[in-house]
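Worksheet: one structure, shown below.
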Amino acid sequence: MNVYFYKVISTAKAIQDTESGPILLFDGVCNLCNNSVQFIIRNDKKGRIQFASLQSDKGQALLKKYNLATDTLQSLVLIENGKAYTHSTGALKVARLLDGGWSLLYGFIAIPAFIRNAVYRYIGKNRYRWFGKKDHCMIPTPALKSRFLD
1 MNVYFYKVIS
11 TAKAIQDTES
21 GPILLFDGVC
31 NLCNNSVQFI
41 IRNDKKGRIQ
51 FASLQSDKGQ
61 ALLKKYNLAT
71 DTLQSLVLIE
81 NGKAYTHSTG
91 ALKVARLLDG
101 GWSLLYGFIA
111 IPAFIRNAVY
121 RYIGKNRYRW
131 FGKKDHCMIP
141 TPALKSRFLD
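Just so we're aligned, residue 1 is where the sequence shown starts under the numbering used here, counting upward by one.
So this is what it looks like as C-alpha coordinates:
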(Lines of atoms letter the chains of each structure in order from A; the text may use other names.)
(Lines give C-alpha, C1' and ligand atoms only; values in the text may rest on other atoms or scores of the structure.)
Protein backbone atom coordinates (compact mmCIF):
# COMPACT_ATOMS: atom_id res chain seq x y z
CA MET A 1 0.00 0.00 0.00
CA ASN A 2 1.24 3.45 -0.86
CA VAL A 3 2.60 5.26 2.24
CA TYR A 4 0.86 8.53 1.29
CA PHE A 5 -2.46 6.72 0.83
CA TYR A 6 -2.01 5.04 4.22
CA LYS A 7 -1.32 8.40 5.90
CA VAL A 8 -4.48 9.92 4.36
CA ILE A 9 -6.57 6.92 5.50
CA SER A 10 -5.01 7.02 8.99
CA THR A 11 -5.59 10.78 9.34
CA ALA A 12 -9.20 10.45 8.16
CA LYS A 13 -9.82 7.62 10.64
CA ALA A 14 -8.19 9.60 13.46
CA ILE A 15 -10.39 12.61 12.67
CA GLN A 16 -13.50 10.45 12.59
CA ASP A 17 -12.54 8.74 15.87
CA THR A 18 -11.89 12.01 17.71
CA GLU A 19 -14.93 14.04 16.66
CA SER A 20 -17.11 12.80 19.50
CA GLY A 21 -17.01 16.09 21.38
CA PRO A 22 -16.14 19.72 20.77
CA ILE A 23 -12.72 20.31 19.23
CA LEU A 24 -10.97 23.66 19.41
CA LEU A 25 -8.40 24.44 16.74
CA PHE A 26 -6.02 27.20 17.78
CA ASP A 27 -2.87 28.94 16.54
CA GLY A 28 -0.18 26.89 18.26
CA VAL A 29 2.52 29.58 18.14
CA CYS A 30 0.38 32.49 19.37
CA ASN A 31 0.91 33.41 23.03
CA LEU A 32 -2.63 34.78 23.35
CA CYS A 33 -4.04 31.57 21.89
CA ASN A 34 -1.91 29.34 24.13
CA ASN A 35 -2.91 31.31 27.21
CA SER A 36 -6.54 31.04 26.10
CA VAL A 37 -6.20 27.26 25.81
CA GLN A 38 -4.75 27.12 29.34
CA PHE A 39 -7.69 29.24 30.57
CA ILE A 40 -10.18 26.94 28.84
CA ILE A 41 -8.54 23.85 30.36
CA ARG A 42 -8.82 25.37 33.86
CA ASN A 43 -12.48 26.28 33.32
CA ASP A 44 -13.63 23.14 31.52
CA LYS A 45 -13.66 20.95 34.60
CA LYS A 46 -15.49 18.14 32.80
CA GLY A 47 -12.79 18.00 30.14
CA ARG A 48 -15.25 18.09 27.25
CA ILE A 49 -13.21 20.23 24.86
CA GLN A 50 -10.36 18.64 22.91
CA PHE A 51 -7.63 20.66 21.25
CA ALA A 52 -5.47 20.66 18.13
CA SER A 53 -3.25 23.36 16.73
CA LEU A 54 -4.19 24.78 13.34
CA GLN A 55 -0.66 23.94 12.17
CA SER A 56 -0.86 20.23 13.05
CA ASP A 57 -1.72 17.43 10.61
CA LYS A 58 -5.03 16.86 12.40
CA GLY A 59 -5.81 20.56 12.51
CA GLN A 60 -5.07 20.92 8.80
CA ALA A 61 -7.17 17.85 7.98
CA LEU A 62 -10.12 19.22 9.97
CA LEU A 63 -9.84 22.60 8.24
CA LYS A 64 -9.97 20.83 4.88
CA LYS A 65 -12.89 18.66 5.97
CA TYR A 66 -14.92 21.76 6.84
CA ASN A 67 -13.78 23.67 3.73
CA LEU A 68 -11.85 26.28 5.71
CA ALA A 69 -8.62 27.94 4.56
CA THR A 70 -5.54 26.01 5.66
CA ASP A 71 -3.06 28.80 5.04
CA THR A 72 -4.47 31.57 7.25
CA LEU A 73 -4.43 31.34 11.01
CA GLN A 74 -6.59 34.34 11.79
CA SER A 75 -9.32 32.55 13.74
CA LEU A 76 -9.86 29.83 16.23
CA VAL A 77 -12.21 27.13 15.01
CA LEU A 78 -14.66 25.27 17.21
CA ILE A 79 -15.98 22.06 15.74
CA GLU A 80 -19.13 20.91 17.47
CA ASN A 81 -21.95 18.63 16.36
CA GLY A 82 -20.60 18.39 12.83
CA LYS A 83 -20.32 22.17 12.30
CA ALA A 84 -17.34 24.52 12.33
CA TYR A 85 -17.63 27.90 14.04
CA THR A 86 -15.03 30.61 13.56
CA HIS A 87 -14.21 34.09 14.83
CA SER A 88 -16.42 35.52 17.59
CA THR A 89 -19.12 32.88 17.17
CA GLY A 90 -16.58 30.13 17.84
CA ALA A 91 -15.19 31.98 20.86
CA LEU A 92 -18.66 32.56 22.33
CA LYS A 93 -19.61 28.93 21.79
CA VAL A 94 -16.46 27.94 23.68
CA ALA A 95 -17.47 30.26 26.53
CA ARG A 96 -20.86 28.55 26.64
CA LEU A 97 -19.08 25.24 27.36
CA LEU A 98 -17.10 26.58 30.32
CA ASP A 99 -17.95 26.12 33.97
CA GLY A 100 -18.96 28.90 36.30
CA GLY A 101 -20.10 32.30 35.15
CA TRP A 102 -18.05 32.20 31.94
CA SER A 103 -20.97 30.65 30.09
CA LEU A 104 -22.84 33.94 30.56
CA LEU A 105 -20.55 35.49 27.95
CA TYR A 106 -22.54 33.56 25.37
CA GLY A 107 -25.18 36.29 25.75
CA PHE A 108 -22.97 38.47 23.51
CA ILE A 109 -24.15 36.28 20.62
CA ALA A 110 -27.09 38.74 20.46
CA ILE A 111 -24.72 41.42 19.12
CA PRO A 112 -24.68 41.30 15.30
CA ALA A 113 -21.86 39.12 13.98
CA PHE A 114 -20.38 41.90 11.82
CA ILE A 115 -19.75 43.97 14.98
CA ARG A 116 -18.44 41.05 17.05
CA ASN A 117 -16.20 39.87 14.22
CA ALA A 118 -14.77 43.35 13.61
CA VAL A 119 -13.52 43.39 17.22
CA TYR A 120 -12.33 39.77 16.93
CA ARG A 121 -10.42 40.48 13.71
CA TYR A 122 -8.80 43.61 15.19
CA ILE A 123 -7.46 41.60 18.12
CA GLY A 124 -6.44 38.75 15.81
CA LYS A 125 -4.57 41.12 13.51
CA ASN A 126 -2.55 42.55 16.43
CA ARG A 127 -2.17 39.48 18.66
CA TYR A 128 1.46 38.72 17.77
CA ARG A 129 2.49 42.34 18.32
CA TRP A 130 0.65 42.66 21.64
CA PHE A 131 1.18 39.18 23.12
CA GLY A 132 4.12 37.71 21.20
CA LYS A 133 4.72 34.51 19.33
CA LYS A 134 6.51 31.23 20.09
CA ASP A 135 8.82 29.40 17.73
CA HIS A 136 6.89 26.16 18.15
CA CYS A 137 3.54 24.81 19.32
CA MET A 138 2.96 24.12 23.00
CA ILE A 139 3.54 20.61 24.30
CA PRO A 140 0.84 19.45 26.72
CA THR A 141 1.75 17.93 30.05
CA PRO A 142 1.29 14.15 30.36
CA ALA A 143 -1.89 14.75 32.39
CA LEU A 144 -3.43 16.83 29.58
CA LYS A 145 -2.09 14.81 26.63
CA SER A 146 -5.38 12.97 26.12
CA ARG A 147 -7.19 16.24 25.39
CA PHE A 148 -4.83 17.15 22.55
CA LEU A 149 -5.35 15.50 19.19
CA ASP A 150 -1.92 16.16 17.75
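Just so you know, even glycine gets a beta-carbon here, dropped at the ideal spot from N, CA and C.
Is it buried or exposed, residue i, if we count other Cβ atoms within 10 angstroms and call 16 or more buried?
{"i": "Ala69", "result": "exposed"}
{"i": "Tyr120", "result": "buried"}
{"i": "Gly100", "result": "exposed"}
{"i": "Gly107", "result": "exposed"}
{"i": "Gly132", "result": "exposed"}
{"i": "Ala110", "result": "exposed"}
{"i": "Ile115", "result": "exposed"}
So residue i packs on residue j, CB below 8 Å; how close in whole Å?
{"i": "Ser152", "j": "Asn43", "result": "As shown, the chain starts at 1 and ends at 150. That puts residue 152 outside it, with no answer to give."}
{"i": "Phe148", "j": "Ala52", "result": "7 Å"}
{"i": "Leu105", "j": "Leu97", "result": "Not really, about 11 Å apart at Cβ, beyond 8 Å."}
For residue i, verify whether its CB is less than 6 Å away from any heavy atom of the ligand HEM.
{"i": "Gln60", "result": "The ligand HEM is absent from the structure shown, which contains no ligand whatsoever."}
Which residue wins for smallest C-alpha separation from residue i, given the options the options?
{"i": "Asn81", "options": "Gln74, Leu73, Leu98, Ile49", "result": "Ile49"}
{"i": "Leu76", "options": "Tyr128, Ile23, Leu98", "result": "Ile23"}
{"i": "Trp102", "options": "Phe39, Gln55, Ile123, Phe114", "result": "Phe39"}
{"i": "Leu32", "options": "Ile79, Leu73, Ile115", "result": "Leu73"}
Excluding the five sequence neighbours on either side, which residues of its own chain have a C-beta within less than 6 Å of the C-beta of residue i, listed in chain order?
{"i": "Leu63", "result": "Thr70"}
{"i": "Lys58", "result": "Ala52, Leu149, Asp150"}
{"i": "Thr86", "result": "Ser75, Val77"}
Ordered along the chain, which non-local residues of its own chain (more than five positions away) have a Cβ less than 8 Å from that of residue i?
{"i": "Asn34", "result": "Phe26, Gly28, Lys134, Met138"}
{"i": "Leu144", "result": "Ile41"}
The alpha helix (DSSP H) spanning residue i covers which residue range?
{"i": "Tyr120", "result": "113-131"}
{"i": "Ser36", "result": "31-43"}
Which residues in the same chain have their Cβ closer than 7 Å to the Cβ of residue i, if we skip the five residues on either side of it in sequence?
{"i": "Gly47", "result": "Arg147"}
Looking at the secondary structure, which residues open and close the beta strand (DSSP E) in which residue i lies?
{"i": "Thr86", "result": "83-86"}
{"i": "Ala61", "result": "Not the beta strand (DSSP E): Ala61 falls in the alpha helix (DSSP H), residues 57-65."}
{"i": "Leu25", "result": "23-26"}
{"i": "Leu78", "result": "77-80"}
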